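I have placed the structure first, in the form of structure tokens, so that the comments after it can refer back to it.
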Amino acid sequence: MTDIPEVPVLLDRLEQRLKDFLEEKGIDRPLLVGIRTGGVWLAEALHARLGLIEPWGELDISFYRDDFSRIGLNPRVTPSHLPFETEDRDLVLVDDVIMSGRTIRAAMNELFDYGRPSSISLVALIDLGERELPIQPDVAACPLKLPPHQRVKLTGPQPLAVEIREVRA
Numbered sequence: 022m023t024d025i026p027e028v029p030v031l032l033d034r035l036e037q038r039l040k041d042f043l044e045e046k047g048i049d050r051p052l053l054v055g056i057r058t059g060g061v062w063l064a065e066a067l068h069a070r071l072g073l074i075e076p077w078g079e080l081d082i083s084f085y086r087d088d089f090s091r092i093g094l095n096p097r098v099t100p101s102h103l104p105f106e107t108e109d110r111d112l113v114l115v116d117d118v119i120m121s122g123r124t125i126r127a128a129m130n131e132l133f134d135y136g137r138p139s140s141i142s143l144v145a146l147i148d149l150g151e152r153e154l155p156i157q158p159d160v161a162a163c164p165l166k167l168p169p170h171q172r173v174k175l176t177g178p179q180p181l182a183v184e185i186r187e188v189r190a
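According to the working numbering, the sequence shown is numbered sequentially starting from 22.
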């Protein structure tokens, strides 16, 4: 079994690494945007931990996925909610697990439909490092390697927990 730190430890690590990253980049008014669902839970937690005043946003990338025609529409599609202008702003895109990079590509495509941000930074709780696209997180709490028969899942929202699940062939 793979050892993964508990979510509070991962959140502490993610918060500190994000603070350091934002300071290094000179970003003092970031707008957090979580990718539904796990990324939304994390964006909400990071928003509170960082003491940000401006609201955070939520993306549902279902219509932007490149496998939409193969897998169909998620039955729980809900509208994205960005309660702010994205034009010329520094966005921090938050996801729970980054693997291939395809979810992030879809999220960035959707974000550009709202306007042209000054920058987009990527934050992930867990980085599986199995890229199919050249997309890397700027900040990650935990790099993780799993055998092909396992996947990682963030469950929540209360409490947040990380589970390793077996995948059937």
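Don't be surprised by glycine CBs; every beta carbon is placed ideally from N, CA and C.
As the structure is a computational prediction, the values presented were derived from the model and not from experiment.
- If you draw a 10 Å sphere on the C-beta of Leu154, you find fewer than 16 other C-beta atoms in it, and that means exposed.
- Assigned with DSSP and collapsed to three states, Lys40 falls in helix.
- Between the alpha carbons of Thr176 and Leu149 lies a gap of roughly 17 angstroms.
- Around Val173, the same chain offers Ile25, Val118, Ile147, Leu149, Leu165, Leu167, Val183, Glu184, Ile185, Arg186 as residues with beta carbons nearer than 8 angstroms, after the five sequence neighbours per side are excluded.
- Where Asp134 is concerned, there is no enclosing beta strand (DSSP E), although the alpha helix (DSSP H) around it starts and stops at 123–135.
- Excluding its 5 nearest sequence neighbours in each direction, Leu181 has C-beta neighbours in its own chain below 7 angstroms: Val28, Trp62, Leu175, listed in chain order.
- Per DSSP, the continuous beta strand (DSSP E) segment holding Gly78 begins and ends at 78–80.
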